[in-house]
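Each residue of the sequence shown is one higher than the last, beginning at 2 in our numbering. We treat Cβ as the ideally placed atom computed from N, Cα and C, and that holds for glycine. Just so you know, these numbers come straight off a predicted model, no measurement behind them. Since the structure comes first, as structure tokens, the remarks are kept for the end.
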Amino acid sequence: MKHYNIPIFIPELACPNRCIYCNQRHISGQLEAVPTEKVVKIIEEHLSTFKYPCEVEVAFFGGNFTGIEMDLQKSYLDVVQPYIKSGRVGSIRISTRPDYINDNILEQLRKYNVKTIELGAQSLSEKVLEFAERGHSVKDVENASKKIIDKGFDLGLQMMIGLPLDTIEQSKATARKIMALGAKCTRIYPALVINHTKLADMYERGEYEALTIEQAVDWTAQIYKMFIEGGVTVLRVGLHPSEDLINGKELLAGPFHVSFKELVLTQIWNERLKNIPLNTMEIIVNPKDINYAVGYNSKNKKELMSEIGNIKFSTDDTVKRDEFRLLLH
Ligand code: SF4
């Protein structure tokens, strides 16, 4: 069944931190707390565009949901309850910090039909976390993850690549740990240098070098493959392209690309198709993979055509995601 998300951004509410890379208000493009009436409006607008039957999830993203004043958390969650009762919304997902999880909070989230809790882990290297002034430790991520799973929620752990002191090996170690902690889903965000952040000051002083787009694509592709093999769903790669990121107003430097996911999956498919036999005539993939198999700007198709001549890509629902079938001459 088709799955839809209704994203609701709760920017920087009550977040006492200022991680060196973050200026959440600028990224989400919103300066004020979202009033509950607006949440209703967002839900109604989305519901009117969906094709039924479908699964619908309301997702509170952006800052630190469980750090918001309890009453406000409740009023956001309250707004969604009638939709859950009527069956128009199936579940709720929230994102928050690992150090804002405790038994009381989890009890309340359970009462309000929250199904998935995503934690911004960012890195599972103590030194990377410290340098990024995240304000929580690896142990906090481990403890919170365990509590979330023990209480029966689905766990998501989000990670960043390319923060100061990070390396590809370190990022892979973070990915391995995310899987070991039992995450069902993840998001991979390359670190960007956003204006009005400490990272921007470091960048201006020449103390931080952002990943190039090629590096970011390569690191993300390697990590993405590990998650596929580990059965962890990658829900997103790269930041949501807000208007201010696209027009460059907020972005000082870093590997931002509106089609970042396509670039990453193009690379993964490029590697998969690298050693196909020279007498391949047709490559058959799942319809959802076709754009990535052909590649961004047809990169993969062009490369294969220059190596082995005319080649056709086609789709078949019976081919599993991330797999392919070949027709040979
Ligand atoms: S915890 Fe999240 S919202 Fe708060 S400063 Fe860090 S990245 Fe930004």
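### Task
Using three-state DSSP, classify Ser-243 as helix, strand or coil.
Taking the first residue of the sequence shown as position 1, residue 243 is located at position 242. Coil, per DSSP.
### Message
So for Arg-111, helix, strand or coil by DSSP?
### Response
Within the sequence shown, residue 111 is the residue found at index 110, counting from 1. Of the three classes helix, strand and coil, the one that applies to Arg-111 here is helix, per DSSP.
### Query
If we ignore side chains and look at the alpha-carbon of each, how far apart do Ile-28 and Glu-251 end up?
Mapped onto the sequence shown, residue 28 falls at position 27. Mapped onto the sequence shown, residue 251 falls at position 250. In this prediction, Ile-28 has a pLDDT of 49, which is less than 50 and means its spatial position is unreliable; what the coordinates show is noted afterwards. Distance between the alpha carbons of Ile-28 and Glu-251: 8 Å.
#### Entry: contact_flag[the stretch 46-58, the stretch 223-240] where n(CB pairs < 8 Å) is 3 or more
no
### DSSP three-state assignment for Ser-92, whether helix, strand or coil
Within the sequence shown, the letter at position 91 stands for residue 92. Three-state result, Ser-92: strand.
### Task
Kindly give me the distance between the Cβ atoms of Asn-287 and Thr-316, rounded to whole angstroms, as I take these residues to be in contact under 8 Å.
As a first step, residue 287 is located in the sequence shown; it is residue number 286 there, counting from the start. As a first step, residue 316 is located in the sequence shown; it is residue number 315 there, counting from the start. With 8 Å as the limit, Asn-287 and Thr-316 qualify as a contact, their Cβ atoms being about 7 Å apart.
### Query
What number of angstroms, rounded off, separates the C-alpha of Gly-30 from the C-alpha of Val-90?
Along the sequence shown, one-based indexing puts residue 30 at 29. Along the sequence shown, one-based indexing puts residue 90 at 89. Legend: pLDDT at Gly-30 = 46, less than 50; position of this residue unreliable, no value from coordinates given.
### Task
From the DSSP output, read off the bridge partner residues of Leu-156.
Start at 1 with the first residue of the sequence shown, and residue 156 comes out as number 155. According to DSSP, Leu-156 bridges with Ile-118.
### Task
Classify Val-312 as helix, strand or coil using the three-state DSSP reduction.
Start at 1 with the first residue of the sequence shown, and residue 312 comes out as number 311. Looking at the sequence itself, residue 312 is Ile, so the reference to Val does not match. Reduced to three states, the DSSP call for Ile-312 is coil.
### Message
Judging by CA-CA distance, which residue of Val-40, Ala-34, Gly-232 and Ile-284 is the nearest neighbour of Arg-177?
### Response
The sequence position of residue 177 within the sequence shown is 176, counting from 1. With distances taken between Cα atoms, Arg-177 lies closest to Gly-232.
#### Entry: Arg-98 beta carbon near the ligand SF4 (any heavy atom closer than 7 Å)
What you label residue 98 is simply residue 97 of the sequence shown in a count that begins at 1. At least one heavy atom of the ligand SF4 is nearer than 7 Å to the Cβ of Arg-98, so yes.
### Message
For Gly-121 and Ala-192, what's the separation of their Cα atoms in angstroms?
### Response
Position 120 of the sequence shown, counted from the first residue, corresponds to residue 121. Position 191 of the sequence shown, counted from the first residue, corresponds to residue 192. Distance between the alpha carbons of Gly-121 and Ala-192: 13 Å.
### Message
Considering only DSSP beta bridges, list what Tyr-190 is partnered with.
### Response
Numbered from its first residue, the sequence shown carries residue 190 at position 189. DSSP lists Met-161 as partners of Tyr-190.
### Task
Could you check if Tyr-293 is buried or exposed, using at least 16 other CB atoms within 10 Å of its CB as the buried criterion?
Here residue 293 refers to the residue found at position 292 of the sequence shown. The residue in question, Tyr-293, is buried, as its Cβ has 16 or more Cβ neighbours within 10 Å.
### Task
Just mark His-197 as buried or exposed, buried being the case when its beta carbon has 16 or more other beta carbons within 10 Å.
Along the sequence shown, read from residue 1 onward, the residue named residue 197 stands at position 196. Answer is exposed; the Cβ neighbour count stays below 16.
### Query
Which residue's Cα is closest to the Cα of His-241: Arg-273, His-4 and Ile-9?
Along the sequence shown, read from residue 1 onward, the residue named residue 241 stands at position 240. Comparing Cα positions, the closest option is Ile-9.
### Query
DSSP three-state call for Arg-177: helix, strand or coil?
For this step, residue 177 is matched to residue 176 along the sequence shown. Arg-177: helix per DSSP, three-state reduction.
### Query
The alpha helix (DSSP H) with Tyr-204 in it runs from where to where?
Looking up residue 204 in the sequence shown gives position 203. From DSSP, the alpha helix (DSSP H) with Tyr-204 extends over 199-205.
### Query
Run through DSSP, which three-state label would Ser-29 get?
Here residue 29 is taken as the residue at index 28 of the sequence shown, counted from 1. Residue placement at Ser-29 is poorly supported in this model, since its pLDDT is 46, which falls under 50; the coordinates still yield a value, given next. Here Ser-29 sits in helix by DSSP.
#### Entry: Buried versus exposed, by CB contacts within 10 Å (16 or more), Thr-187
Walking along the sequence shown from the start, residue 187 turns up at place 186. Thr-187 is buried by the Cβ-count criterion.
### Message
Less than 8 Å between C-beta atoms, sequence neighbours within five positions excluded: which residues of the same chain meet that for Leu-130?
### Response
Walking along the sequence shown from the start, residue 130 turns up at place 129. Only Gln-123, Ser-124, His-137, Ser-138 and Val-139 meet the Cβ criterion.
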